[in-house]
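Below is one structure, written out as structure tokens; the observations come after it.
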Amino acid sequence: MTITPSTSRATDAPAPTGRPIIEMEDISISFPGVKALDSVSFRMFPGEVHSLMGENGAGKSTLIKALTGVYSIDSGTMSLGGEPLVISGPAQAQAAGISTVYQEVNLLPNLSVAENIMLGREPRRLGAIDWRTMRDRAGELLARLHLDIDPGSQLSSHSLAVQQLVAIARATDIDAKVLILDEPTSSLDADEVSELFRVIRGLKDDGVAILFVSHFLDQVYEISDRLTVLRNGALVGEYLTREILRIELVHKMIGKELATLESLENKTRAAAVEGETEEVPYLKAVGLGRKGSVEPTDLVIHEGEVVGLAGLLGSGRTEIARLITGADRADSGELFVRGTKKRLRTPRVALRDRIAYSSEDRKREGIVEELSVRDNIVLALQADRGWFRRISKRRQDELANSYISALGIRPANPDALVRNLSGGNQQKVLLARWLAVAPRLLVLDEPTRGIDVGAKAEIQKLVSSLADEGMAVVFISAELEEVLRLSHRIAVMRDRRKVADLPNEDVTVGEIMGLIASGAEA
Amino acid sequence: MNRLTDLPKARLFWPIVTLVALLLLNAAVAPGFFAIRVQNGHLFGSLIDILRNGAPTLLVALGMTLVIATRGIDLSVGAVVAISGALACTIIADSPDPGSVGTVLAAVSVALLFSLVLGAWNGLLVAVFGIQPIIATLILMTAGRGIAMLITEGQIITITSAPFKVIGAGHWFGLPASIVIAGGMFALAALLTRKTALGLLIESVGINPVASRLAGVRSRGIIWVVYVFSALCAGIAGLMIASNVTAADANSAGLYIEMDAILAVVIGGTSLAGGRYSLTGTLIGAFIIQTLTTTVYTVGIAPSITLVFKALVVIAVCLLQSPVLQEKLRQRRSTTKAGALA
Chain G
0 MTITPSTSRA TDAPAPTGRP IIEMEDISIS FPGVKALDSV SFRMFPGEVH SLMGENGAGK
60 STLIKALTGV YSIDSGTMSL GGEPLVISGP AQAQAAGIST VYQEVNLLPN LSVAENIMLG
120 REPRRLGAID WRTMRDRAGE LLARLHLDID PGSQLSSHSL AVQQLVAIAR ATDIDAKVLI
180 LDEPTSSLDA DEVSELFRVI RGLKDDGVAI LFVSHFLDQV YEISDRLTVL RNGALVGEYL
240 TREILRIELV HKMIGKELAT LESLENKTRA AAVEGETEEV PYLKAVGLGR KGSVEPTDLV
300 IHEGEVVGLA GLLGSGRTEI ARLITGADRA DSGELFVRGT KKRLRTPRVA LRDRIAYSSE
360 DRKREGIVEE LSVRDNIVLA LQADRGWFRR ISKRRQDELA NSYISALGIR PANPDALVRN
420 LSGGNQQKVL LARWLAVAPR LLVLDEPTRG IDVGAKAEIQ KLVSSLADEG MAVVFISAEL
480 EEVLRLSHRI AVMRDRRKVA DLPNEDVTVG EIMGLIASGA EA
Chain A
0 MNRLTDLPKA RLFWPIVTLV ALLLLNAAVA PGFFAIRVQN GHLFGSLIDI LRNGAPTLLV
60 ALGMTLVIAT RGIDLSVGAV VAISGALACT IIADSPDPGS VGTVLAAVSV ALLFSLVLGA
120 WNGLLVAVFG IQPIIATLIL MTAGRGIAML ITEGQIITIT SAPFKVIGAG HWFGLPASIV
180 IAGGMFALAA LLTRKTALGL LIESVGINPV ASRLAGVRSR GIIWVVYVFS ALCAGIAGLM
240 IASNVTAADA NSAGLYIEMD AILAVVIGGT SLAGGRYSLT GTLIGAFIIQ TLTTTVYTVG
300 IAPSITLVFK ALVVIAVCLL QSPVLQEKLR QRRSTTKAGA LA
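Protein chains in written order, with numbering that gives the first Met the number 0: chain G, 0 to 521; chain A, 0 to 341.
What follows is the structure, encoded as structure tokens:
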């Protein structure tokens, strides 16, 4: 079997009997400074699950938004069931039978299940809402998905998985021919995923064409019949899932080798063994805590060391990171930078001590959306210099261009608005901002969340080489494999306190999980 | 895609079109509208009048632009205008030698210093105590007129002082002094924001205050500075207005000037949501407002519908700049194009 990256999909994957319900031909969309989609073709068949694959920034969301009328296309044609399709808004897409369930469930938690399903289409009698019919109709839809819940119950009383299914029930009520599921499984556990997949298979049997997007390869292979791979806004190819090997798929998605990752792992482990010195740590926290946020905690970070913080959301991993970087004020304990006692009241004070904090909330606490890549990169450095010592335009360009090429920021245009960049590239811009101030301690809170395999590997590599150069790094991630791969030492947080602090020698994911779950003292 | 069709998307396209259209309308009704003549070495003409009369609004709008860029608003500018004029006139009227340059310099200095204090007060409320800007400046908006009344003791203070008269009605370098002053302040604001990093930091704070804080931006200081600058601009505008009529009227000086200033900023394309701002846009916006007033006189619009006429023009400019409407127009154009091709 040979699979060559190709823009002509007919050679890659034969069509099933029957005509495609959706055909998108040569779709192009550009934003200022970014070509988001470049002549991409895509098709969907009734009764098939079609996975859209690609890294962040590949153009998946843009393609979906073109199909659902959120973005208008610059060129290309679309057709639905053979008829030309011109969509000028989400409402029109819905009316045409294209329904979408987004990543974040956008329902109203304080309304009932039935109200959520029928919202905007409430059955009426004499001008007033016919509550009985509404409940019955919602009940039928839920029954079709084999979902046994009371339509009158409040939505927020159900699990996220059930809410997701309610969103699907709502989407299918609009007589959907095409159902788009954008990362529907990102917050579901294994049982919930299989429940969702059962519903998807049922819809598939009813002849609905389903577009499925997920970062989890296992799920893609389990549920989908057909794959389309995008990379950097261009079509790589369309394949039948059963005919493409995983390694081939990953290769097509990132377009480069994964070998770097494996060599990285061995190197980190080696460094961990020799990094046993008794020098003054760069940062030492003694009983540092904040009421309602994190219990008094001790933490030591040496230069040239990567300290991984493991724990669940809300375990105190982000909270302690905010205390050592001045993002939040500690109300107990002491903090020493290079042996000198300090009070880090604000991020500005911390930055003066060369401590930088990259927040987990990229959009709200990281990027400044409406500013250019250049402005975002120089922001922290300029803030440190104050208003009057402006960094010259030439120096700004030098800085921006050097980080753009060093970190592979795409598009490689310092004038592009950060808003128009993909998640992975926004994260790289943020890293560049912090690296520009030459920190001695860099605290990275979930720097790889929601970004693609390729960018993830690059960021991991960067973290490792920064530590090699003598920087102290605190690395927080919900992915334990990643924490294990990168850290010399791992601090495990649970219920707002540190429950373990161990060198990364022969530690397994299972052990860390055990610590997170049980909190055994180490 | 060619240059010409991209033009309407340029940020200042519609404000400039509006300004030019208004000026042409005036020229059509009043021949010689564009004529500028030289008399005693000074420039005179309708265009010069627009610039001269628009100077106070432009000044106030300049300060307002920077305040709005930080997600704020300054409602107190009208009150500061009144206080500044009242202080200067009272000092000059009470002095034994109202005509001396020294007296006028002292009066102007006191008035501007007090304006800075008022700006610092606004900045304190917003930046340190975190009071919403609209509420914080509303305090001074209402209290300020009272302060002006106290200063003038409820009287309209008229003065005779040749040096003071220069600020609002004199000439420098052949131009009305008020134009030179407003131009100077515009240049100062442009230099301050472009040649230092203040512009970048203001925009950053306006777009994302939380991210800016984490990046070590001293947003408190920046917010303080813009309110002080706004009050300084309003103070100078107050001197100009008082000088022009050689009187201080605590009740009516600068009345509703905050509305004109906010309108000028918005017409100039700076969003009230904060962030990206355009000083040039504000300049054009201020001239649109002033030209509108002039147009009302030249065209001879009945006073009873003057406000309606102004409102219609402002609504038109705002609509033309609305992203929603622009998108609709774009779609209509592309569908008619597609229809023509088919």
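Where a beta carbon is used, it is the ideal one built from N, C-alpha and C, also for glycine.
It is roughly 22 Å from the alpha-carbon of valine 417 of chain G to the alpha-carbon of glutamate 326 of chain A. If you draw a straight line from the Cα of valine 312 of chain A to the Cα of aspartate 259 of chain A, it comes to about 13 Å. Below the 8 Å Cβ cutoff, chain G contributes Arg389 as neighbours of lysine 194 of chain A, in chain order. Within its own chain, the residues whose Cβ lies closer than 7 Å to the Cβ of isoleucine 148 of chain G, once the five positions on either side in sequence are excluded, are Val112, Leu141, His157, Val161, listed in chain order. With a contact defined as Cβ atoms closer than 8 Å, leucine 334 of chain G and isoleucine 323 of chain G qualify at about 7 Å. Taking the Cα positions, serine 292 of chain G is about 6 Å away from glutamate 318 of chain G. The Cβ-Cβ distance between isoleucine 515 of chain G and leucine 501 of chain G does not fall below 8 Å. In this structure the region 225 to 240 of chain A does not touch the region 368 to 382 of chain G; the number of beta carbon pairs closer than 8 Å is below three. Secondary-structure assignment with DSSP links proline 502 of chain G through a beta bridge to G/Arg488. The alpha-carbon separation between alanine 92 of chain G and threonine 171 of chain G amounts to approximately 13 Å.
Taking serine 29 of chain G as reference, the option from G/Val39, G/Leu154, G/Glu22 with the minimal CA-CA separation is G/Val39. Residue range 452 to 467 is occupied by the alpha helix (DSSP H) that includes lysine 455 of chain G. Runs of beta strand (DSSP E) with 3 or more residues, each lying fully within the region 31 to 104 of chain A, are found at 35 to 38, 41 to 44, listed in chain order. Contact between glycine 96 of chain G and aspartate 174 of chain G holds, since their C-beta atoms are separated by about 6 Å, short of 8 Å. For glutamine 381 of chain G, the chain A residues whose Cβ falls inside 8 Å of its Cβ are Ala196, Leu199, Leu200, in order along the chain. Residue pairing for threonine 99 of chain G: DSSP places it in a beta bridge opposite G/Ile179. The DSSP-derived three-state label of histidine 49 of chain G is strand. Residue environment: lysine 290 of chain G is assigned as exposed (fewer than 16 neighbouring CB atoms within 10 Å of its CB, all protein chains considered). Rounded to whole angstroms, the separation of the alpha carbons of leucine 118 of chain G and leucine 124 of chain A is 44 Å. Taking 9 Å as the Cβ-Cβ cut-off, the region 63 to 87 of chain G approaches chain A at Ser71, Val85, Ser87, given in chain order. Between isoleucine 155 of chain A and alanine 247 of chain A, the C-beta spacing is below 8 Å.
Residue environment: serine 108 of chain A is assigned as exposed (fewer than 16 neighbouring CB atoms within 10 Å of its CB, all protein chains considered). For leucine 239 of chain G, the enclosing beta strand (DSSP E) begins and ends at 233 to 239. No Cβ-Cβ contact shorter than 8 Å links methionine 512 of chain G with glycine 315 of chain G. Put simply, the CB of tryptophan 386 of chain G is near chain A, with a gap under 8 Å to one of its CB atoms.
In the three-state reduction of the DSSP assignment, serine 229 of chain A falls in the helix class. When Cβ-Cβ separations below 8 Å define contact, tyrosine 402 of chain G makes no contact with chain A. The beta carbon of leucine 318 of chain A sits no closer than 8 Å to any beta carbon of chain G.
Sequence-distant Cβ neighbours of isoleucine 35 of chain A in its own chain, meaning closer than 8 Å and more than five residues away, are Leu42, Phe43, Gly44, Leu46, Ile47.
Between alanine 415 of chain G and the set G/Arg495, G/Leu430, G/Ala399, the nearest pair of CA atoms involves G/Ala399. A residue is called buried once 16 or more other Cβ atoms fall within 10 Å of its Cβ, and glutamine 131 of chain A, having fewer, is exposed. The Cβ atoms of leucine 278 of chain A and alanine 189 of chain A lie closer than 8 Å to each other. Taking 8 Å as the threshold, the shortest C-beta distance from serine 277 of chain A to chain G does not fall below it.
Shown here for lysine 64 of chain G: same chain residues with a beta carbon closer than 6 Å to its own, the five before and five after excluded, namely Tyr70 in chain order.
When beta bridges are read from the DSSP output, glycine 307 of chain G appears opposite G/Phe474, G/Ile489.
Counting other Cβ atoms within 10 Å of its Cβ, threonine 61 of chain G reaches 16 or more and is therefore classed as buried.
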